[in-house]
Structure formats: structure tokens, C-alpha cells
Amino acid sequence: MIRRSMDQQAILLMILFCVLLGLQQVMIKSIAESMPPLSQMVVRCGLALPLIAFLAWRQGVGWAQYRQYWAAGLLVGLGFTGEFAFLAWGLEYSLASHMSVFLYTAPIFAALGLHFLVPGEQLTMRQWVGILCAFIGMLVAMAPSADIPDIPHVLFGDALGLCAGLCWAATTLVLRRTALNQTPPSQIIAYQLAALVVLLGPVVYGLGQWQHIELTIGVVASLTFQTLVISFVALLLWFALLARYKASQLGAFSFLSPLFGVFFGVIWLNEPLSWNFIAGGLAILAGVFCVSRG
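In the numbering used here, the protein residues as written are 2 to 295.
The structure is reproduced here in C-alpha cells:
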């Protein structure tokens with residue numbers, strides 16, 4: 002299937018997608034004391050799975066289709082599980098604003114993979130410069146700063162955010178290199194949600210995190226948003242866009258997500274910002290923009 006260039010509708014939908022994902026880390030972090038982030042991932046994916054499965058069934062996806070692509074489905078499920086496991090783990094150490102930036106380095110890693118694996122998406126000289134700029138920005142953003150308390154923990158969380166970005170990029174590459182790119186987005190998301198619940202559910206139970214959950218109004222509201230908006234609407238929107246438009250051009254707008262994430266983190270959670278993180282984050286976003294506009 003030939004992906005086309007982005008039009009006005011795609012631009013508006015991508016901006017909406019970025020706003021929603023910009024809220025994700027803040028929503029998770031805001032209720033972390035009442036419900037550990039990893040538990041939030043399992044619960045929200047477990048609640049969203051029946052909705053996605055029902056939608057897939059309405060679209061004609063039966064058990065035979067799931068079995069036909071089980072190997073590729075397992076790969077995207079592992080990538081998805083890794084992404085959100087690292088995200089949840091990182092949020093226990095780092096700031097939501099930091100995780101927003103490092104998670105969305107995914108377009109950089111995806112562009113590198115697409116260059117070597119997908120015909121027609123080779124990088125130009127400007128894109129290589131953007132990649133170099135982004136990697137320099139990562140080093141600057143992760144440099145120790147007196148403005149950030151508990152530096153070792155924050156740096157560890159930042160590194161986990163980069164790992165989450167790598168997993169997201171790997172998932173994109175699997176989708177582009179396997180027959181899953183011809184299947185309905187609902188089927189792909191069903192693989193991902195099921196894999197996360199099956200793999201991380203026992204981990205959450207083994208760690209005893211269920212004993213630390215307090216079902217406050219804030220927890221219920223956050224989980225409702227994460228389930229219906231993030232794990233259902235936003236994921237369907239992302240895969241629908243990925244199936245129709247060039248991944249590199251979609252990445253041109255993905256830099257908006259960390260901007261929204263930083264904004265919500267500072268406004269909502271009153272998180273501090275260091276000058277090196279601001280400079281490094283801007284370099285990362287500039288690199289993502291250069292890579293994606295190529």
C-alpha cells in the first residue's frame with residue numbers, strides 16, 4: 002500500500018493526537034501515589050481490550066485472522082509492552098515533563114530503521130543533521146543540573162524514557178515490515194493490549210502493587226481518560242494515520258506531543274525545568290522536526 006503525503010485533515014488529526022498524548026504522562030504521574038504507574042497500564046489496557054476486541058469483531062476480524070498474523074502480532078505486542086513498561090518504570094523516578102520529551106525520541110529511532118529497512122524512506126543529508134542534533138540534545142538534556150532534585154533517580158528515569166522511545170520505534174518498524182500493515186488498526190491494538198495484560202499482569206501481582214491502590218475520584222477519572230481516550234481513541238487514530246500517510250511526515254508533528262507534555266507537567270504538576278533540559282529538549286525537537294520534514 003502506497004502512503005500518501007499529509008493533507009489538512011491529517012494535520013488536524015495529528016495535532017489532536019499530540020495533545021492527547023501530551024496529557025498521558027501527566028495523568029499517570031498525577032495519581033501515582035494512589036496507584037502505581039505499572040498497575041495503571043495493566044488496568045487501563047485490560048479495560049480497553051474488550052472495547053477494541055468488539056470493534057475488531059464488528060469490522061470482520063475473527064479468530065482465524067488473529068491466528069494468521071500471530072507471529073507479527075506477538076512482535077508488536079512485545080514492543081508495545083516494552084514501551085509502556087519502561088514508561089511506567091521511568092515515571093517512578095523522573096518527571097512527567099522529562100518522560101514526555103524522551104519518549105518522543107521514537108521518530109528519530111524509527112527514521113533510522115526505516116532508512117535501512119523500507120524502500121522509499123531513505124534519509125537525506127538534512128535528516129542526518131537532524132539526527133545528530135537530536136542525539137546531542139539527548140546528552141545535554143540528561144546532563145546533571147542543580148535545578149533538579151534527586152539527580153541520580155531522574156537520570157535513571159530519563160534513560161528509561163529513551164528505552165520506551167526505542168520500543169515505540171521498533172513497533173513502528175514491525176508494522177511497516179510485516180503483513181500487519183494491511184490489517185485493521187483494531188486488530189493490531191488488540192494484539193498489543195492483550196500482550197501487555199498477559200505479560201505485565203503477573204508482574205504487577207507479583208510485586209504486590211494491587212495492595213497499594215486507592216480508588217479515589219481522581220484515580221477513577223484518570224483511568225477513565227486513559228482507557229477511553231488514550232488506549233482506545235488515540236491508538237485507533239495513530240494506526241489509522243500510520244496506515245494512510247508516510248511515517249516520516251507524521252513524525253514532523255510528533256514533536257508537538259512533548260511540548261504539550263512539558264506544558265501540562267509544569268502547569269499541572271508544578272514540575273521544575275532546568276536550563277540544560279530546556280536547551281537539550283529544544284535540540285531534540287529540532288532534530289525530530291528536521292528528520293520528519295525530509
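For glycine and all other residues, C-beta sits at the position ideal for the given N, C-alpha and C. Only a predicted model underlies this, so the values are computations on that prediction, with no experimental measurement involved.
DSSP places Tyr206 within a helical segment (H, G or I) once states are collapsed to three. Secondary structure at Arg68: helix, using DSSP grouped into helix, strand and coil. Residue environment for Gly282: buried (at least 16 other C-beta atoms within 10 angstroms of its C-beta). Spanning the alpha carbons of Leu115 and Gln128 requires a straight line of approximately 12 angstroms. Counting along the chain, the unbroken alpha helix (DSSP H) around Asp159 starts and ends at 152-178. Closest in alpha carbon position to Trp71, among Gly266, Ile32, Leu286, Ala196, is Ala196.
Counting only runs that start and end inside the region 227-290, there is no beta strand (DSSP E) element of at least 3 residues. The region 104-118 makes no contact with the region 38-57: fewer than 3 CB pairs, one atom from each, lie closer than 8 angstroms. Comparing C-alpha distances from Ser232 to each of Ile137, Leu48, Trp64, Ala86 shows the shortest one belongs to Leu48.
When the alpha-carbon of Pro273 is set against those of Leu88, Pro51, Ala97, the nearest one is in Ala97.
For Ile12, the closest of Trp239, Val263, Gly288 by C-alpha to C-alpha distance is Trp239. Taking C-beta separations shorter than 7 angstroms and ignoring five residues to either side along the sequence, the partners of Gly166 in its chain run Phe103, Leu104, Tyr105, Thr106, Ala107, Phe110, following chain order. Within its own chain, the residues whose Cβ lies closer than 8 angstroms to the Cβ of Leu140, once the five positions on either side in sequence are excluded, are Gly281, listed in chain order. Sequence-distant partners of Leu201 (beyond 5 residues in either direction) whose C-beta falls short of 7 angstroms from its own C-beta, in its chain, are Leu39, Met42, Val43, Thr82, Ala86. DSSP places Ile29 in the uninterrupted alpha helix (DSSP H) bounded by 9-31. Distance from the CA of Trp58 to the CA of Leu21, rounded to the nearest whole angstrom, comes to 26 angstroms. Arg5 carries a strand assignment under DSSP once its states are collapsed to helix, strand and coil. Gly74 sits close to Tyr67, with the two beta carbons spaced by under 9 angstroms. Rounded to the nearest whole angstrom, the C-alpha separation of Ser223 and Met126 is 43 angstroms. Nearest to Gly78 by alpha-carbon distance, out of Val199, Arg178, Ile152, is Val199.
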